[in-house]
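Below: one structure, written as structure tokens.
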Amino acid sequence: MELKSYLSILRRRKWIVILSVLLGTAIAAAFTFFSTPQYVSSATVRVATIGSGSITSARPDISYTERLVNTYSRIITGNNVRRQIMGELELDALPNISVQSIPGTELIRIVAEATDPEDARNIANAAAQVLIDQNREFYSGGAGLTLQEILGEQLAQADQALQEARENYENALEASPQNDTVIAAAREALDVRDRTYTSLLSQYEAARLEETVRANSITVVEEALVPNRAAKPRHLVNLALGFAIGLVTGVALALLAENLDTTLYTAEQIESATQMETVGQIPAAKEDLTIARLGAGHYPQLESFRRLRTNILATSDGGTQVALLTSAKRGEGKSTVAANLAVTVAQSGREVVVVDCDLRLPTVHKLFDLPNKRGLTNVLAGEVQVDEAIQYSAFPRVQVVTSGPLPPNPTELLGSQRMLDLIEQLKSQFDFIILDTPALLSVADAAVLAPAVDNVILVVAQSQTRRGDVQTVRRQLSSVRVKSMEVVINRAEANGSYAYYESEAR
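Residue numbers (the numbering used here): 31 to 536.
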């Protein structure tokens, strides 16, 4: 489907799109203006990551850094911390807290959302302080023995052992000054204890320094401030989003409605559904199209009938041509098209007769403003001769056979041999014969006459007729073996090609 086709669909279904856009925007506006304002404030803290090993590591452990930041994030957003903050600030409900990690840095942003701007600031700052306090408590022994405490106990034991070894060595020197073996053994034991103590002392100092740094690894870089305006709802964003959702929904509904709707809105759809050649398109008139108006000057409808006349007469072999006009259903304008076509063909110098074969709801006599006391039914019943039933119209070379009194058996009359004889008799008197018949889906009258004519012209009202109806009509006509089937699109959309004639009419 081309872009032009989509635009045509949206133009036809514009009210669906417009209403969807208005509804979407209205819902967004109602949600926006009735929502409670939410204020957002944030505090930025630095998490100094020194690696998962020693403080003397050459570079931080990236994976450890990520785990540490994630751990702090879970702690801050956990229920325990939120309950603690709720108690400290005397809030009515658990605060809304989120954590954002700033990529490529050691910074994390603690974001608090509240209906009061000061509450938002206080919650963010309180969350940052709780994180600092818990970190210090953890690395200050609040969570069991730390490495520093363990090393401290071992260092005290090593110091005691060193003092005992030093006393043993001094006693050996005093008691056995000449016994080198005893003195050497005491000296060796003293050296071992001294090395052990020195090593433990070095580890203890390193652990103490590292735990001191870890305990103070979280610091506030930027405190939260009182926001000067609400972060939510975002008026313009919400309205734009509502408009966009309404527009997308409206377009989708329009396309869905088009897909479900079998009405034929374009000439292309009509040709595809009927699989017949289109011999004319009659533009919709601003006023009711009457024969009197057709004869008055140049305007789009007159030119369209001239084109229709040219296309129909082009198939003539020079003799009298018989055309049957019908439609799928009532109200598609077939009688009006038949009457105007008769006038247009007569303007080319041909003698034309219009026979009203609609013996149920006749219209032709009204269009030509003629009496209907006697007509076709009288001829078929043998009550009058053909010449007695023919009436002259107000238009040169246009004569009319009205329906006459309505019979109880119209289909039988139209399918009789008398009707065929009537058509042959009219051929000897006229150059062009038009049979106006009832709608095919209502009765079978047109179907019984179709094999006897040269052209069956199906009048299809654009934007009114349904696909299934014209397809059924085509099957009915195909089953009776008509010579030629063609389509006239009535009430078609006017296009730019008629602009010249519109200006002439004015």
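Each residue gets a CB set at the ideal place from its N, CA and C atoms; glycine is no exception. As the structure is a prediction and not an experimental result, all values here were calculated from the model.
> When the Cα of E143 is compared with those of P330, Q429, A205, R112, which residue comes out closest?
Replying inline: For the purposes of this step, residue 143 is taken as the residue at position 113 of the sequence shown. Comparing Cα positions, the closest option is R112.
> What is the rounded straight-line gap between the Cα of A480 and the Cα of V367?
Replying inline: Walking along the sequence shown from the start, residue 480 turns up at place 450. Walking along the sequence shown from the start, residue 367 turns up at place 337. Using only the alpha carbons, I get a separation of about 18 Å.
> Quick check: the stretch 277-286 against the stretch 40-58, are there 3 or more CB pairs under 8 Å?
Replying inline: yes
> If N29 and A477 are in contact, beta carbons under 8 Å, what's the gap, nearest whole angstrom?
Replying inline: Lying outside 31 to 536, the shown extent of the chain, residue 29 is not represented and no answer is given.
>> If you measure between the beta carbons of K457 and I464, is that distance less than 8 Å?
In response: As a working mapping, residue 457 is identified with position 427 in the sequence shown. As a working mapping, residue 464 is identified with position 434 in the sequence shown. No.
>> Which same chain residues end up closer than 6 Å to Y36 when comparing Cβ atoms and leaving out the 5 residues on each side of it in sequence?
In response: Here residue 36 is taken as the residue at index 6 of the sequence shown, counted from 1. Counting only Cβ-Cβ distances below 6 Å, and skipping sequence neighbours, we find nothing.
> Taking Cβ positions, are S71 and R139 nearer each other than 8 Å?
Replying inline: By 1-based counting over the sequence shown, the position of residue 71 is 41. By 1-based counting over the sequence shown, the position of residue 139 is 109. No, these two residues do not count as a Cβ contact at 8 Å.
> Grouping DSSP H, G and I as helix and E and B as strand, with all else coil, what is N439?
Replying inline: Numbered from 1 along the sequence shown, position 409 holds the residue referred to as residue 439. N439 falls in the coil class under three-state DSSP.
> Per DSSP, D386 is paired with what?
Replying inline: Taking the sequence shown and counting its residues from 1, one reaches residue 386 at position 356. The partner list for D386 (beta bridge, DSSP) reads D466.
> Which residues does DSSP pair with Q421 in a beta bridge?
Replying inline: Within the sequence shown, the letter at position 391 stands for residue 421. Partner(s): V430.
> Using the rule of at least 16 other Cβ atoms within 10 Å of the residue's Cβ for burial, across every protein chain shown, is L33 buried or exposed?
Replying inline: Your numbering for residue 33 matches position 3 in the sequence shown. Burial call: exposed.
>> Below 8 Å on the Cβ atoms is my contact criterion, and I expect R223 with A195 to pass it. Report the Cβ-Cβ distance as a whole number of Å.
In response: In the sequence shown, the residue the question calls residue 223 occupies position 193. In the sequence shown, the residue the question calls residue 195 occupies position 165. Yes, they are in contact, since the Cβ atoms of R223 and A195 sit about 4 Å apart, within 8 Å.
> Residues in its own chain within less than 7 Å of E362 by CB, not counting five upstream and five downstream?
Replying inline: Here residue 362 refers to the residue found at position 332 when the sequence shown is read from its first residue. Cβ neighbours of E362 beyond the five flanking positions: V489, V490, A491, Q494, T495, N520.
> Taking all protein chains shown into account, do 16 or more other C-beta atoms lie within 10 angstroms of the C-beta of E516, making it buried, or fewer, making it exposed?
Replying inline: Taking the first residue of the sequence shown as 1, we reach residue 516 at position 486. So E516 counts as buried.
>> Alpha carbons only, please: which of D146, A202, L389, V483 is nearest the one belonging to A123?
In response: To locate residue 123, count along the sequence shown from 1; it is residue 93. The residue with the shortest Cα to Cα distance from A123 is D146.
> Three-state secondary structure (DSSP) at E253?
Replying inline: In the sequence shown, the residue the question calls residue 253 occupies position 223. In this structure, E253 counts as coil in the three-state DSSP scheme.
> How about T279 and A297: do their beta carbons lie closer than 8 Å?
Replying inline: Reading the sequence shown from its first residue, position 249 is the one you call residue 279. Reading the sequence shown from its first residue, position 267 is the one you call residue 297. No; because the gap between Cβ atoms is not below 8 Å, this pair is not in contact.
>> For a test of the three-state rule: what should DSSP assign to A191, helix, strand or coil?
In response: Here residue 191 corresponds to residue number 161 of the sequence shown, with the count starting at 1. Three-state DSSP puts A191 in a helix.
>> Taking the beta carbon of N155 as the centre, do at least 16 other beta carbons fall within 10 Å, making it buried, or is it exposed?
In response: Here residue 155 refers to the residue found at position 125 of the sequence shown. Label assigned to N155: buried.
> What span of residues does the beta strand (DSSP E) with S357 cover, start to end?
Replying inline: If you number the sequence shown from 1, residue 357 lands on position 327. Run containing S357: 351-357, per the beta strand (DSSP E) assignment.
>> Taking its Cβ as the centre, do 16 or more other Cβ atoms sit within 10 Å of Q447, making it buried, or is it exposed?
In response: Within the sequence shown, the letter at position 417 stands for residue 447. Exposed, because fewer than 16 other Cβ atoms sit within 10 Å of the Cβ of Q447.
> So A60 is in the alpha helix (DSSP H); what residue range does that whole segment cover?
Replying inline: One-based indexing of the sequence shown puts residue 60 at position 30. Counting along the chain, the alpha helix (DSSP H) containing A60 begins and ends at 44-64.
>> Looking at the strands, I want to know which residues DSSP matches up with K262.
In response: The residue labelled residue 262 in the question sits at position 232 within the sequence shown. K262 is bridged to Q68.
> Among residues of its own chain, excluding the 5 on either side of A474, which ones have a beta-carbon nearer than 7 Å to its beta-carbon?
Replying inline: Translated into the one-based positions of the sequence shown, residue 474 becomes position 444. T441, listed in sequence order.
>> With distance defined between alpha-carbon atoms, name the residue in E118, D210, A315 nearest to E523.
In response: Looking up residue 523 in the sequence shown gives position 493. It is A315 whose Cα lies nearest to the Cα of E523.
> Where L294 and Q311 are concerned, what is the direct C-alpha to C-alpha distance, given to the nearest angstrom?
Replying inline: Here residue 294 refers to the residue found at position 264 when the sequence shown is read from its first residue. Here residue 311 refers to the residue found at position 281 when the sequence shown is read from its first residue. If you take the alpha carbons of L294 and Q311, they lie about 14 Å apart.
> Quick one: what does DSSP say P313 is sitting in, helix, strand or coil?
Replying inline: The residue labelled residue 313 in the question sits at position 283 within the sequence shown. The answer is strand: DSSP assigns P313 an E or B state.
> So V428 and A372 are in contact, right, with Cβ under 8 Å, and what is the actual spacing, rounded?
Replying inline: Locating residue 428 in the sequence shown gives position 398, counting from the first residue. Locating residue 372 in the sequence shown gives position 342, counting from the first residue. So it is a contact: roughly 5 Å between Cβ atoms.
> From which residue to which residue does the alpha helix (DSSP H) around L456 run?
Replying inline: If you number the sequence shown from 1, residue 456 lands on position 426. It spans 447-457 - the alpha helix (DSSP H) in which L456 sits, taken as one unbroken run.
> Is A270 buried or exposed, if buried means 16 or more other CB atoms sit within 10 Å of its CB?
Replying inline: For the purposes of this step, residue 270 is taken as residue 240 along the sequence shown, with counting starting at 1. Answer is exposed; the Cβ neighbour count stays below 16.
>> Whole angstroms are fine: how far does the CA of N110 sit from the CA of A274?
In response: If you number the sequence shown from 1, residue 274 lands on position 244. If you number the sequence shown from 1, residue 110 lands on position 80. The straight-line gap from Cα to Cα measures roughly 41 Å.
> What are the uninterrupted segments assigned as alpha helix (DSSP H) that are 4 or more residues long and contained completely in the stretch 388-418, given in chain order?
Replying inline: 394-397, 406-410
> Straight-line CA distance for T432 to D451?
Replying inline: For the purposes of this step, residue 432 is taken as residue 402 along the sequence shown, with counting starting at 1. For the purposes of this step, residue 451 is taken as residue 421 along the sequence shown, with counting starting at 1. The straight-line gap from Cα to Cα measures roughly 17 Å.
> For N520, does the three-state DSSP call read helix, strand or coil?
Replying inline: On the sequence shown, position 490 is the one that residue 520 refers to. Reduced to three states, the DSSP call for N520 is strand.
> Taking the beta strand (DSSP E) that A491 falls in, what are its first and last residues?
Replying inline: Translated into the one-based positions of the sequence shown, residue 491 becomes position 461. Element bounds for A491: 485-491.
>> Please return the same chain residues whose Cβ sits closer than 6 Å to the Cβ of S423, not counting the five positions on each side in sequence.
In response: Stepping through the sequence shown from its first residue, residue 423 is reached at position 393. Result list for S423: F398, V430, in chain order.
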